[in-house]
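> Respectively, the protein sequence lines represent chains D and F. Just so we're aligned, residue 1 is where the first sequence starts under the working numbering, counting upward by one. Just so we're aligned, residue 1001 is where the second sequence starts under the working numbering, counting upward by one. Supplied in structure tokens, the structure appears directly below.
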Amino acid sequence: MGDEEGRSAIQTFVRMIPTILVFLYLAVVRYPGIFAFRRGKTSREDYFLASRSLGNWVFLLSLFGTNMTAFAILGSSGLAYQRGIGVYGLMASASGFVIPLTIFFIGTRLWALGKKFGHMTQVQYFRDRWECSAIGTLIFALTAAMLVPYIIIGVMGGGQTLEALSTIMGSDGQPQMFEVMRNGQTVLAHRHWISYEAGGGLVALVVMSYVFFGGMRGTAWVNTFQTVLFLCFGTLAFILVGHNLGGFDKLVEALAANPKTALLLTRQRIPVEEFFSYTFIPLSSIMFPHIAIMCMTAKKASAFKKTVIFYPLCIMLIWVPSVFLGVLAAGQFPGLTAGESDDVILRLLTEHTHTIVAGVLGAAIMACVMASDSQILALCTMFTEDVFAYYGGKKKFGETAQVWTGRAFVVGVTLLAYLMAIEHLANVRGCSCYFVDLDPRWVKKVLANRQFEVARAYMDHVVDQAITILKHRRVSALFTTPKLLETLSEKINLYEAGVRDVFCGGTSMMPQCVRFLIEEVLENRIGFAPTYGNTLMGLAASRPLRPEAQFSITYYAPQPRAVLRIVNPDQTDQLRHYGEWGRVELTTLTKEFFMPRFLGRDEAIRREPCALYPWDGVGDVRPFGAMEKQIIEGVY
Amino acid sequence: MKKWLLVLLVLTVYLLHQDCWNWKKTEPLVFGFLPIGLAYHVGYSVLAAFMMALLVRFAWPKELDDMEWEDPVAPQAPSRPAKGEAPVHESATSGSPGGGR
Chain D
1 MGDEEGRSAI QTFVRMIPTI LVFLYLAVVR YPGIFAFRRG KTSREDYFLA
51 SRSLGNWVFL LSLFGTNMTA FAILGSSGLA YQRGIGVYGL MASASGFVIP
101 LTIFFIGTRL WALGKKFGHM TQVQYFRDRW ECSAIGTLIF ALTAAMLVPY
151 IIIGVMGGGQ TLEALSTIMG SDGQPQMFEV MRNGQTVLAH RHWISYEAGG
201 GLVALVVMSY VFFGGMRGTA WVNTFQTVLF LCFGTLAFIL VGHNLGGFDK
251 LVEALAANPK TALLLTRQRI PVEEFFSYTF IPLSSIMFPH IAIMCMTAKK
301 ASAFKKTVIF YPLCIMLIWV PSVFLGVLAA GQFPGLTAGE SDDVILRLLT
351 EHTHTIVAGV LGAAIMACVM ASDSQILALC TMFTEDVFAY YGGKKKFGET
401 AQVWTGRAFV VGVTLLAYLM AIEHLANVRG CSCYFVDLDP RWVKKVLANR
451 QFEVARAYMD HVVDQAITIL KHRRVSALFT TPKLLETLSE KINLYEAGVR
501 DVFCGGTSMM PQCVRFLIEE VLENRIGFAP TYGNTLMGLA ASRPLRPEAQ
551 FSITYYAPQP RAVLRIVNPD QTDQLRHYGE WGRVELTTLT KEFFMPRFLG
601 RDEAIRREPC ALYPWDGVGD VRPFGAMEKQ IIEGVY
Chain F
1001 MKKWLLVLLV LTVYLLHQDC WNWKKTEPLV FGFLPIGLAY HVGYSVLAAF
1051 MMALLVRFAW PKELDDMEWE DPVAPQAPSR PAKGEAPVHE SATSGSPGGG
1101 R
């Protein structure tokens, strides 16, 4: 192996360090579960409540870790990116006071009652308190419905975190950009060593394994380890990111000086009423089964004393850096939408800290993201206690069978959560796509043979399929040709069917056709985005239509990957002047393919650059030679 | 400490969360970088911890500590009855060791 290859291999290894460290972390956290399995007994009390024996610090850190979900880290920074510093007061400082209050007044009593009467879940408490079986079953169903989304979010957070941390970096330390197809368009995007699906699957597997083996004891140990890890390295991340970006004071000054970000340093993006109403939300926390069940695991009542005192401080240590970094990210990565801003904290880490530090901190973030373990265990405890045992399963099969039923339930719930997290992918990526195939060459053929009836029947066939989809699925964006759009609008009210934007392309669209589509077909209520493209170029976007353009469309190629020029058809090395007709010439230059000066099938007017696209555009595109002879454009 | 004073303190701390006076303010920047709206709530979290310490000191349900002395080693909890079975212990409605009701 040559020196260059050796260096390249080392560089690749260095870039993969964050991913390797996260894998290492995932391997390590399995051990507390396995160790707890060896140490534990096979009784239900031991598996589900660790024999009510958790000590003071383990109780504090695991109870706190239980409440720290993917949202606390990723969601809070994403929300702060959008709404500013007020997110801390809105969601954290109120919780830091109200949650300890509920633990102090309700959690301690739940613990005492549980210890005296053997309660392991809230359902048992309610069944005893009201001497009513149905109320318990109802509460089980409601709390299960409440927990499942949390578990899914945990798996999704794991997938997103691993994906973001395993972004493929270039030799300059910046994320490499690759051309990918997204929603039918070639765009530049990052690539990752580990996909969202694989990352989510891996996290689900790890969580499942230590909950499966360790039960409550394993989960509490892992939660304690995770919370300590995050508290230590989260603080380190905060300091390092600030230092590497030139100091917090300068960053805040820059944000305050920019009118677009200045409001983020105040609370003006949060209405006063909303801010007040959020103080009531933490009152519900004690009703979360994983919190209530965790309250029953304390060895002594005194464990609650440290917990309620240190809880607000733990909240502060985790949320303040997350919220503050989210606000700072608005100055570093402007223009992200609500969903996109969820990984800003990971972006800050990967782009502004050393590779090894980013890896360790990524593992720490992963620790918080994996808080779904307690929810899985809580759901499993409730199922086995309140359904399996209550309806006679324990009496029939014994206590060991009950514990193994719980373990089987852990596997089932984790699998279900993973599948639902993957199903959610369509929403993460944008939306579901529905396609109707059509064969334009066939239509061209029948039109050339003057078989107009056949062409009409084929068109009806295509339109019928599209209408079936529009009637039975929620479609908000339509990608079609002008002629099909017109026909569709004759058969269905597109606006009432939910369509809000139309991408239109495939054939020439002269100004009168564009005016007709916008004003008559779409009734000025649905957005209209003309597109022009082919497999060699990708899609050229059109300049926003303005009144002064008189409905004349101008397209701009996706430079620098593709360049369009308007040349003299008789002497193709000569460019046409602005406003003159000429033949469209395409040059493609991507990493994979170089094709210089290919003369296309179209002609167009050379248009001037605009602010949005500072390079030449092509206007009123039509088939080459359309003025001399009639050209069949098919269904199109 | 008097119970009514503790209740008043808890309510005051709860209301102090609504710091309307900081709504539109960025400055002063605490430590040179923390906007006042965020710094206030950092202080609020510390105050919440202090308030909880006061509650633990002056309003702790002592009967829970007594319960530990009665039963210092974690016992095997009584088995829960299945549906249709008679409870093996007294009903939870008959009294709470925590003194909550």
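Even glycine gets a Cβ: it sits at the ideal position worked out from N, Cα and C. Being a predicted model, the structure only gives us computed values, none of them experimental.
Could you pull out every residue in the same chain whose Cβ sits closer than 6 angstroms to the Cβ of residue 162 of chain D, ignoring the five residues on either side in sequence?
194, 199
> Report, in whole angstroms, the separation of the C-beta atoms of residue 1064 of chain F and residue 164 of chain D, which I expect to be a contact under 8 angstroms.
Wrong, their Cβ atoms sit about 45 angstroms apart, outside the cutoff.
> For residue 1012 of chain F and chain D, any beta-carbon pair shorter than 8 angstroms?
no
> What residue does the beta strand (DSSP E) around residue 295 of chain D start on, and which one ends it?
Not the beta strand (DSSP E): residue 295 of chain D falls in the alpha helix (DSSP H), residues 289 to 295.
> What separation, rounded to the nearest whole angstrom, lies between the Cα atoms of residue 421 of chain D and residue 156 of chain D?
6 angstroms
> Mind checking the region 267 to 292 of chain D against chain F and listing, in chain order, the residues whose C-beta falls within less than 8 angstroms of any C-beta there?
267, 268, 272, 275, 276, 279
> Judging by CA-CA distance, which residue of D:97, D:22, D:292, D:549 is the nearest neighbour of residue 203 of chain D?
D:22
> Can you pull the chain D residues whose beta carbon is under 7 angstroms from the beta carbon of residue 1021 of chain F, in chain order?
Per Cβ cutoff of 7 angstroms: no residues; residue 1021 of chain F is ~11 angstroms from chain D at best.
> Closest by CA to residue 134 of chain D, which one among D:391, D:103, D:272, D:57?
D:391
> Per DSSP, which residues does residue 503 of chain D bridge with? Please list them.
D:479, D:529
> In three-state terms, what does DSSP make of residue 461 of chain D?
helix
> Taking a contact to mean a Cβ-Cβ separation below 8 angstroms, would you say residue 326 of chain D touches residue 77 of chain D in this structure?
Going by C-beta atoms, residue 326 of chain D is nearer than 8 angstroms to residue 77 of chain D.
> Please classify residue 595 of chain D as buried or exposed, where buried requires at least 16 neighbouring CB atoms within 10 angstroms.
exposed
> Just reading off the alpha helix (DSSP H) that residue 200 of chain D is part of, what are its end residues?
Residue range 196 to 244 is occupied by the alpha helix (DSSP H) that includes residue 200 of chain D.
> Taking 8 angstroms as the CB-CB limit, is residue 1007 of chain F close to chain D?
no
> Can you grab the Cα-Cα spacing for the pair residue 1026 of chain F / residue 582 of chain D, in whole Å?
57 angstroms
> Going by Cα to Cα distance, which pick from D:575, D:614, D:306 is closest to residue 605 of chain D?
D:575
> 8 angstroms is my cut-off, CB to CB: does residue 1003 of chain F come that close to chain D?
no
> Is the distance from the Cβ of residue 1023 of chain F to the Cβ of residue 268 of chain D below 8 angstroms?
yes
> Once DSSP output is grouped into helix, strand and coil, what is the label at residue 121 of chain D?
coil
> Flag this pair as touching only if the region 396 to 411 of chain D and the region 142 to 153 of chain D have three or more C-beta atom pairs under 8 angstroms; answer yes or no.
no
> Return the residue from the list F:1051, F:1032, F:1037 that minimises the CA-CA distance to residue 1007 of chain F.
F:1051
> Using a beta-carbon distance cut-off of less than 7 angstroms, what residues from the region 235 to 267 of chain D approach chain F?
248, 249, 252, 256, 265, 266, 267
> Strictly under 8 angstroms for the Cβ-Cβ distance: is residue 140 of chain D near chain F by that measure?
no
> Touching or not, the region 313 to 329 of chain D and the region 91 to 109 of chain D, by the rule of three or more beta carbon pairs under 8 angstroms?
yes
> Rounding to the nearest angstrom, what Cα-Cα distance links residue 545 of chain D and residue 479 of chain D in this structure?
18 angstroms
> For the region 91 to 110 of chain D, list every residue whose C-beta sits within 7 angstroms of some C-beta in chain F, in sequence order.
93, 94, 96, 97, 100, 104, 108, 109
> Does residue 567 of chain D come out as helix, strand or coil in the three-state DSSP assignment?
strand
> Can you list, in chain order, the residues of its chain whose CB lies under 6 angstroms from that of residue 17 of chain D, leaving out five sequence neighbours each side?
Answer for residue 17 of chain D: 355, 356, 359, listed in chain order.
> Counting only Cβ-Cβ distances shorter than 8 angstroms, please list the residues of the region 371 to 390 of chain D near chain F, keeping chain order.
Under the 8 angstroms Cβ criterion, the region 371 to 390 of chain D contributes 385, 389, 390.
> According to DSSP, is residue 1069 of chain F part of a helix, a strand, or is it coil?
Bear in mind that the predicted position of residue 1069 of chain F carries a pLDDT of just 43, short of 50, making it too unreliable to give a figure here.
> Compare the C-beta of residue 1061 of chain F with all C-beta atoms of chain D and state if any pair is closer than 8 angstroms.
Closer than 8 angstroms: yes.
> Thinking C-alpha only, which one of D:460, D:419, D:212, D:263 is nearest residue 697 of chain D?
Past the edges of chain D, shown from 1 to 636, lies residue 697 of chain D, and the structure says nothing about it.
> So is residue 1058 of chain F in contact with chain D if we call contact Cβ pairs under 8 angstroms?
no
> For residue 266 of chain D, which of helix, strand or coil comes out of DSSP?
coil
> Could you tell me whether the region 466 to 480 of chain D touches the region 432 to 451 of chain D, using the rule of 3 or more Cβ pairs below 8 angstroms?
yes
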